[in-house]
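A.B. asks: Under our numbering, think of the first position of the sequence shown as 3, with each following residue one higher. By construction, the Cβ of each residue, glycine as well, lies at the ideal position given by its N, Cα and C atoms. It should be emphasised that the depicted structure is a prediction, and the values quoted were computed from it without experimental measurement.
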Amino acid sequence: MKSVLITGCSAGGIGAALAHAFHQKGYHVFATARTPSKIPSTLSSASNVTVLKLDVLSSSDIAAAVESVSHQTGGKLDVLVNNSGGNNSILPALDVDIAEAKAEFDLNFWAPLAMMRAFAPLLIEARGCLVNNTSASAVSPFPLMSIYNASKAALATASETWRHELQPLGVRTITLITTGVNTGSFRKPDRKPIRVPESSRYYAARDFIVGVGDGRMQDGAIPAERYAAAVVREVEGGGYGTVWAGTQAWMARVAFGLTPKWAFDMLIESIVPFGKAMAKATLKSD
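1) Pair every Cβ in the region 133-151 with every Cβ in the region 67-80, then say whether three or more of these pairs are closer than 8 Å.
2) For the pair the region 9-28 and the region 50-63, tell me if three or more CB-CB distances fall below 8 Å.
3) Throw me the rounded Cβ distance for the L79 and G130 pair, which I believe falls under 8 Å.
4) Looking at C-alpha atoms only, which residue of A128, E167, N151 and L125 is the closest neighbour of S137?
5) Can you list, in chain order, the residues of its chain whose CB lies under 7 Å from that of K154, leaving out five sequence neighbours each side?
6) Distance check for P275 and L132, CA to CA, integer angstroms please.
7) Who are the Cβ neighbours of A19 in its own chain at under 7 Å, not counting the five residues just before and after it?
8) Using only the alpha-carbon positions, how far apart do M268 and A120 sit?
9) Can you tell me which residues form a DSSP beta bridge with R174?
10) When the Cα of E106 is compared with those of G241, L157 and N134, which residue comes out closest?
11) Just reading off the beta strand (DSSP E) that V245 is part of, what are its end residues?
12) Can A13 and I41 be called in contact, C-beta distance under 8 Å?
13) Whose CA, out of G77, V98, D63 and V58, lies closest to the CA of G87?
14) Could you check which residue in N85, A113, L45 and W164 has the C-alpha nearest to that of Y62?
15) Identify the continuous beta strand (DSSP E) that holds K55 and give its terminal residues.
16) Assign K104 to buried or exposed, taking buried as 16 or more other Cβ atoms, counted over all protein chains shown, within 10 Å of its Cβ.
17) Put F276 into one of helix, strand or coil per three-state DSSP.
18) From the DSSP secondary-structure annotation, give me the bridge partner or partners of S5.
19) If I follow the unbroken beta strand (DSSP E) through V81, where does it start and stop?
20) So, do the region 194-213 and the region 166-180 have three or more beta carbon pairs nearer to each other than 8 Å?
21) Would you kindly work out how many angstroms separate the C-alpha atoms of R36 and G239, rounded to a whole number?
22) Would you mind sorting W264 into buried or exposed? The rule is 16 or more other CB atoms within 10 Å of its CB.
23) Could you give the DSSP three-state label for P199: helix, strand or coil?
24) Express the C-alpha separation of T181 and Q250 in angstroms, rounding to a whole number.
25) For the alpha helix (DSSP H) that contains D209, what are its first and last residues?
26) List the whole-angstrom C-beta distance separating A207 from M280, where the pair is believed to meet the contact cut-off of C-beta under 8 Å.
27) According to the Cβ coordinates, are L82 and L125 closer than 8 Å?
28) Give me whichever residues DSSP pairs with P225 in a beta bridge.
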């Protein structure tokens, strides 16, 4: 039986959807989360699903997960999905807390690197597949999300580099460029609220800035289950390298890759109309 470990499997999210999709394909699923009680019961009570506590920022948790997987699979892992991540710094760069920004890089970049290194022996033994979930933000400069954009860009570039490094060792690498997926993550009650300081040069547009983080960008996006099915098809079908997945993924790939700069800027502004919001707010304050 093939095996897969997925990080960030809390209910309602991409990780849980991926876990369900792999389980339906007959995999032994190692569903992990920082808080295991948040993993849906449909997974935790299923056969051939092992729930593990795994804070990807904890070296001891990672080591314990490696030991548990190795013990149950005979030292192999067919698929590792680095899915955990966060977008907790939705603010203009002038207002971002540097310590919080570094923490976001720890979660979105350094943690996947640590996971890849720790599980590499098991992936190599299985001649398996590494899947790194990045974002369309890695290639699109959405305003107010420079930290998230940059951390995902770092992961996307590193993932493609790891692909070249791991290929001679028999490991296939998929770099997911994820577009919109409706997970409800922005509307979770424990999500840290966005606060624009009164000293901000953008304070007049504070309502717009706060609104960007209220979940509206996921409105109309495809459900996580549909996204997960597409990702599993790529893994099962031998996909490798950069793979776009999510809402209108094919169109997004064309738009981001072929659109002239001026038109691309117009596209970005249509998605996050920050320039228009600032102009409107400035007129009101005058």
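C.D. replies: Well, looking at it:
1) Verdict: no, contact absent.
2) In this structure the region 9-28 touches the region 50-63; the number of beta carbon pairs closer than 8 Å is three or more.
3) Position 77 of the sequence shown holds residue 79. Position 128 of the sequence shown holds residue 130. The beta carbons of L79 and G130 sit about 6 Å from each other, so the pair counts as a contact at 8 Å.
4) Here the question's residue 137 lines up with position 135 in the sequence shown. Of A128, E167, N151 and L125, the residue nearest in Cα terms is N151.
5) Within the sequence shown, numbered from 1, the residue matching residue 154 stands at position 152. Closer than 7 Å at Cβ, skipping near neighbours: N110, T136, S137, S139 and A140.
6) Reading the sequence shown from its first residue, position 130 is the one you call residue 132. Reading the sequence shown from its first residue, position 273 is the one you call residue 275. Looking at the backbone, the Cα of L132 and that of P275 are separated by about 36 Å.
7) Taking the first residue of the sequence shown as position 1, residue 19 is located at position 17. The residues are A226, E227, Y229 and A230.
8) Taking the first residue of the sequence shown as position 1, residue 268 is located at position 266. Taking the first residue of the sequence shown as position 1, residue 120 is located at position 118. So the alpha carbons of these two residues sit roughly 42 Å apart.
9) The count along the sequence shown starts at 1 and reaches residue 174 at position 172. Answer is C131, bridged to R174.
10) Against the sequence shown, residue 106 aligns to sequence position 104. Ranked by Cα distance from E106, the first of G241, L157 and N134 is L157.
11) Here residue 245 refers to the residue found at position 243 of the sequence shown. Counting along the chain, the beta strand (DSSP E) containing V245 begins and ends at G243 to A247.
12) Numbered from its first residue, the sequence shown carries residue 13 at position 11. Numbered from its first residue, the sequence shown carries residue 41 at position 39. In this structure, I41 lies closer than 8 Å to A13 by Cβ.
13) What you label residue 87 is simply residue 85 of the sequence shown in a count that begins at 1. Ranked by how close their Cα comes to the Cα of G87, the residues G77, V98, D63 and V58 have V58 in first place.
14) If you number the sequence shown from 1, residue 62 lands on position 60. At residue 62 the sequence reads Ser, which differs from the Tyr that was named. Minimum Cα distance to S62 is reached at A113.
15) For this step, residue 55 is matched to residue 53 along the sequence shown. V51 to K55 is the extent of the beta strand (DSSP E) around K55.
16) By 1-based counting over the sequence shown, the position of residue 104 is 102. Counting every other CB atom within 10 Å of its CB across the protein chains shown gives K104 a total below 16, marking it as exposed.
17) By one-based count along the sequence shown, residue 276 stands at place 274. Helix.
18) Position 3 of the sequence shown, counted from the start, is the residue given in the question as residue 5. Bridge partners of S5 according to DSSP: H30.
19) Stepping through the sequence shown from its first residue, residue 81 is reached at position 79. Residues V81 to N84.
20) No: fewer than three Cβ pairs fall under 8 Å.
21) Against the sequence shown, residue 36 aligns to sequence position 34. Against the sequence shown, residue 239 aligns to sequence position 237. Rounded to the nearest whole angstrom, the C-alpha separation of R36 and G239 is 30 Å.
22) The residue you call residue 264 lines up with position 262 of the sequence shown. Exposed, because fewer than 16 other Cβ atoms sit within 10 Å of the Cβ of W264.
23) In the sequence shown, counting from the first residue as 1, residue 199 sits at position 197. Three-state result, P199: coil.
24) Here residue 250 refers to the residue found at position 248 of the sequence shown. Here residue 181 refers to the residue found at position 179 of the sequence shown. Going by C-alpha positions, Q250 is about 8 Å away from T181.
25) The residue you call residue 209 lines up with position 207 of the sequence shown. Note, D209: alpha helix (DSSP H), R208 to V214.
26) On the sequence shown, residue 207 is found 205 positions in, with the first residue counted as 1. On the sequence shown, residue 280 is found 278 positions in, with the first residue counted as 1. Between A207 and M280, the beta carbon gap of about 5 Å places them in contact (Cβ cut-off 8 Å).
27) To locate residue 82, count along the sequence shown from 1; it is residue 80. To locate residue 125, count along the sequence shown from 1; it is residue 123. If you check the CB distance, L82 and L125 come in under 8 Å.
28) Along the sequence shown, one-based indexing puts residue 225 at 223. Beta-bridge pairing links P225 to N184.
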